[in-house]
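Working notes, beginning with the structure itself.
In my numbering, the protein residues as written are 2 to 303.
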C-alpha cells in the first residue's frame with residue numbers, strides 16, 4: 002500500500018472525506034499543522050521523520066505528498082516577534098520537505114504561491130487568449146474614479162479565494178467609490194477593480210491532470226424582491242474545446258496538476274475570473290456525482 006503524507010489542518014473536511022472512503026487504497030499520514038505539538042519531527046543529513054505517537058513515516062517511506070494549505074497553531078500566548086518567527090520556521094520546514102521530495106506532490110507550496118498571484122494570472126490569461134473583464138490594479142484615486150465612472154465595478158482582493166463569485170455578483174455602481182472611507186489607505190495598498198459583467202451563468206472547471214470536472218452554476222432569484230432570496234442550481238457540463246485547451250496550457254505553464262478555473266459566461270463568451278490551485282470541490286462532487294476524489298487519489302498513488 003502506498004503512503005501519502007497529507008499536510009493539512011484538523012478542520013479539513015475534504016481530507017476527512019477522502020480518508021473515510023479511500024483508506025483501503027492508500028495509507029494517509031495526516032499532518033495537521035494547527036496541532037503541531039501532537040507530532041515529533043526529526044530532520045538531519047540522512048533525511049526526515051515524523052511521528053504522531055501512533056504511526057511513523059520517513060522521507061524513504063512516503064510515496065506522495067498532498068499539500069492542503071494548512072492553518073498554523075495558535076501562537077497568541079507568545080509575543081509578536083516570536084509569533085512571526087515560529088510561523089516562518091514552520092513554513093520553511095514544510096517548504097523544505099516538499100521542495101526536496103521527488104515523488105508526486107499535489108502541489109508544492111512555491112507553485113501554489115505562484116499560481117495564486119492574480120497579477121501573474123492576468124498575464125497568463127492574456128497570453129493564452131482568455132477573455133477577461135476590464136480590470137485595474139491601482140493606488141491612485143483619480144485613476145480608479147475614471148475606471149469606475151461609466152461602468153459597474155467589483156472591488157476584489159489580490160489574494161485568491163477571498164472573493165470568488167460572492168463579491169463579484171454584488172452590483173456596485175460608481176457612486177460606491179465616491180465615499181472617502183472606501184479608499185482609505187489606498188496610497189500604500191493598491192486595490193483590484195474589475196468590470197461587472199451581467200452574466201448568463203457561471204462555470205467552475207476543476208482539473209486533475211488533463212481530466213476536467215465542470216459545473217454550471219445558475220442563480221435563481223426568489224419572488225420576494227424585498228428579501229435577498231438566491232438559490233444556486235448546479236449542473237454538469239462540458240467546456241468548449243478551445244476553453245479547455247487554454248486552461249490546460251495555463252496549468253502547464255504553472256507546472257501544476259490540480260486546480261479550478263472560475264468563469265462567467267455572457268452570450269457564449271467565457272470570461273476568466275481567477276484560478277484556484279486549492280479548489281474546494283467537495284460540494285460539487287456530492288451534488289453532481291463527480292468522482293474527482295477517486296481521480297485525485299489515483300494520481301497520488303500512481
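Cβ coordinates follow ideal geometry from the N, Cα and C atoms, glycine included. These numbers come from a predicted model, not from an experiment.
{"Check": "Please report the straight-line C-alpha distance between residue 254 and residue 77, rounded to a whole angstrom.", "Outcome": "39 angstroms"}
{"Check": "Residue 27 to residue 200, Cα distance in whole Å?", "Outcome": "42 angstroms"}
{"Check": "Give me the Cα-Cα distance between residue 45 and residue 257, rounded to the nearest whole angstrom.", "Outcome": "29 angstroms"}
{"Check": "Quick one: is residue 48 near chain B, going by C-beta distance under 8 angstroms?", "Outcome": "Structure shown: chain B not included; a single protein chain is present."}
{"Check": "Rounding to the nearest angstrom, what Cα-Cα distance links residue 8 and residue 146 in this structure?", "Outcome": "44 angstroms"}
{"Check": "Is residue 292 buried or exposed, if buried means 16 or more other CB atoms sit within 10 Å of its CB?", "Outcome": "exposed"}
{"Check": "Leaving out five residues on either side along the sequence, give the residues of the same chain with a beta carbon under 7 angstroms from the beta carbon of residue 2.", "Outcome": "27, 28"}
{"Check": "Classify residue 51 as helix, strand or coil using the three-state DSSP reduction.", "Outcome": "strand"}
{"Check": "Within 10 Å of its beta-carbon, does residue 19 have 16 or more other beta-carbons around it, so buried, or fewer, so exposed?", "Outcome": "buried"}
{"Check": "Measure from the alpha carbon of residue 39 to the alpha carbon of each residue in 54, 49, 138, 208, then state which is nearest.", "Outcome": "54"}
{"Check": "Below 7 angstroms CB to CB, which residues in the same chain sit around residue 93 once its five sequence neighbours on both sides are set aside?", "Outcome": "none"}
{"Check": "Let me know the secondary structure DSSP gives residue 280 once reduced to three states.", "Outcome": "coil"}
{"Check": "Measure how close the beta-carbons of residue 50 and residue 59 come, nearest whole angstrom, since I'm counting them as under 8 angstroms.", "Outcome": "4 angstroms"}
{"Check": "Please state whether DSSP places residue 203 in a helix, a strand or coil.", "Outcome": "strand"}
{"Check": "Taking the alpha carbon of residue 137 as the point to measure from, which residue in 156, 127, 290, 125 has its own alpha carbon closest?", "Outcome": "156"}
{"Check": "Give every residue of the same chain whose Cβ lies closer than 6 angstroms to the Cβ of residue 12, excluding the five residues on either side of it in the sequence, and list them in chain order.", "Outcome": "none"}
{"Check": "Buried or exposed for residue 232, please, with buried defined as at least 16 other CB atoms from any protein chain shown within 10 angstroms of its CB.", "Outcome": "exposed"}
{"Check": "If you drop the 5 nearest sequence neighbours on each side, which residues of the same chain put their C-beta closer than 6 angstroms to that of residue 64?", "Outcome": "3, 4, 104"}
{"Check": "Who are the near neighbours of residue 35 in its chain, counting only those whose CB is closer than 6 angstroms to its CB and skipping five residues on each side?", "Outcome": "10, 11, 72, 74"}
{"Check": "Should residue 111 be listed as close to the ligand MN, given that the test is whether its C-beta is under 7 angstroms from any heavy atom?", "Outcome": "In the structure on display, the ligand MN does not appear, and there are no ligands present to speak of."}
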